[in-house]
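Beneath this line is the structure, given in structure tokens, with notes to follow.
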Amino acid sequence: MTNKKMRSACEAILFASGEPVEAVRIAEALDIDNKTVSSLLSDLADELNKRESGICLLKLGSRYQLCSRVEYASQVRAVLEKKKNTPLSNAAFEVLAVVAYNQPVTKAYIEQIRGVDCTGVISTLCQRGLLEEKGRLELPGKPLLYGTTPDFLRCFCLESLSELPELPDRPENDDGEETEIDSTRGEQLKINISEDSALEEEILSAEKEGEE
328 MTNKKMRSAC EAILFASGEP VEAVRIAEAL DIDNKTVSSL LSDLADELNK
378 RESGICLLKL GSRYQLCSRV EYASQVRAVL EKKKNTPLSN AAFEVLAVVA
428 YNQPVTKAYI EQIRGVDCTG VISTLCQRGL LEEKGRLELP GKPLLYGTTP
478 DFLRCFCLES LSELPELPDR PENDDGEETE IDSTRGEQLK INISEDSALE
528 EEILSAEKEG EE
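Take the sequence shown: its position 193, counted from the start at 1, is 520 in my numbering, and no numbers get skipped.
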């Protein structure tokens, strides 16, 4: 099979899947090594960009997914007539931010930073597939640890957590100690959505799938 045909096969696999696919699974399907798959997918991404396709290739760690380009989000929504769910609250964004930048963390840690009970918010974020349990802390009571999910990365168009926006330096209080800035972290995450309606749709879609 020529490189062109293998590249087309990669495109067909991703299109038919409709969800992120591990590179190793593509390699197994085509009976090639992972390095060749990476090269083929890189060429596919370049090809889609070069011909200004309405589809782009999204890389999510070791997984790949075909998706519509953000500039056509309004047209896609108009055809699909998606019903929007309630957007994430400020509290939800703040909890997501605390977890994303410090994971894995316990509920007690999140509540210590935010200063309020977060049971309901954490439960909602887990149901919507943005947070998940990551084991237990080896302390009395063995509290649950929480972390973000692959859907969290997909919704915010991040390949990995290393691509999270940098935080400003923490301000100091009168005693010269750093103060917590959980609300700032929440705002940093919200920037990715407020500036791009397509990302907002991704979040809403993930919420809907989680509820189903």
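Note that CB positions come from ideal geometry on N, CA and C, so glycine has one too.
Any idea if residue i is buried or exposed, counting beta-carbon neighbours within 10 angstroms, 16 or more meaning buried?
i      : result
PRO414 : exposed
SER401 : exposed
GLY345 : exposed
LEU480 : buried
THR446 : exposed
ASP478 : buried
GLU379 : exposed
MET328 : exposed
Could you tell me the distance, in whole angstroms, from the CA atom of residue i to the CA atom of residue j?
i      : j      : result
GLU486 : CYS394 : 14 angstroms
ILE340 : ILE353 : 8 angstroms
LEU453 : GLU338 : First, the amino acid is wrong: residue 453 is Cys here, not Leu. One C-alpha to the other measures close to 32 angstroms.
LYS560 : LEU368 : An answer regarding residue 560 cannot be provided, because it is not within the stretch 328 to 539 covered by the chain.
LYS362 : SER450 : 40 angstroms
LYS469 : GLU459 : 16 angstroms
GLU465 : GLN430 : 15 angstroms
GLY381 : LEU423 : 31 angstroms
TYR488 : GLN392 : Inspection of the sequence shows that residue 488 is occupied by Leu rather than by Tyr. Going from the Cα of LEU488 to the Cα of GLN392 covers about 18 angstroms.
ALA405 : PHE342 : 21 angstroms
LEU492 : ALA419 : The displayed chain sequence assigns Pro, not Leu, to residue 492. The straight-line gap from Cα to Cα measures roughly 18 angstroms.
GLU398 : CYS484 : 14 angstroms
Check whether the Cβ atoms of residue i and residue j sit closer than 8 angstroms, and answer yes or no.
i      : j      : result
ALA350 : SER365 : yes
VAL425 : ARG441 : yes
ILE371 : LEU384 : Note on identity: in this sequence residue 371 is Leu, with Ile being the wrong assignment. Yes, Cβ-Cβ distance for LEU371 and LEU384 is below 8 angstroms.
PRO347 : LEU375 : no
At least 3 beta-carbon pairs within less than 8 angstroms: the region 418-438 vs the region 471-480: yes
Unbroken stretches of the alpha helix (DSSP H), 4 residues or longer, contained in the region 414-492: 417-429, 434-441, 446-454 and 477-482
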